[in-house]
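Let me begin by presenting the structure, written as structure tokens, before commenting on it.
Numbering (UniProt numbering), first residue to last: 1 to 95.
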């Protein structure tokens, strides 16, 4: 990547209590990082974990089987859905 596409451009500013800053400075020093880098890497790790927890679904064996069975059933359309699909086809394909 070129330097221009890899440059840091965005900023986040935050206010915190003096004690919180001291804790962050101490933790960052233990890991040999700057406070900014420590906060960034910690926040990104937590953000990725939070996103994964909300985007991934875990099912127990019983629920997994019920979900699979529901997906495996033949599709049956009620009259209104069948009419809506037919109308959609007519409008989009001219059939």
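Beta carbons are placed, not taken as given, at the ideal position from N, Cα and C, and that holds for glycine.
Quiz item: Taking the C-alpha atoms as reference points, what is the distance between residue 77 and residue 47?
Solution: Distance between the alpha carbons of residue 77 and residue 47 is about 40 Å.
Quiz item: Is residue 38 buried or exposed, if buried means 16 or more other CB atoms sit within 10 Å of its CB?
Solution: By the Cβ-count criterion, residue 38 is buried, with 16 or more other Cβ atoms from all chains shown falling within 10 Å of its own Cβ.
Quiz item: CB-CB under 8 Å to residue 29, same chain, minus the five flanking residues each way: which ones, in chain order?
Solution: When the five nearest sequence neighbours on each side are left out, no beta carbon in the same chain lies closer than 8 Å to the beta carbon of residue 29.
Quiz item: Does the beta-carbon distance from residue 35 to residue 24 come in below 8 Å?
Solution: Yes, the pair counts as a contact, with Cβ atoms nearer than the cut-off.
Quiz item: If we ignore side chains and look at the alpha-carbon of each, how far apart do residue 16 and residue 70 end up?
Solution: Rounded to whole angstroms, residue 16 and residue 70 show a C-alpha spacing of 50 Å.
Quiz item: By Cβ distance below 6 Å, which residues in the same chain neighbour residue 20 in space, the five residues on each side in sequence not counted?
Solution: None.
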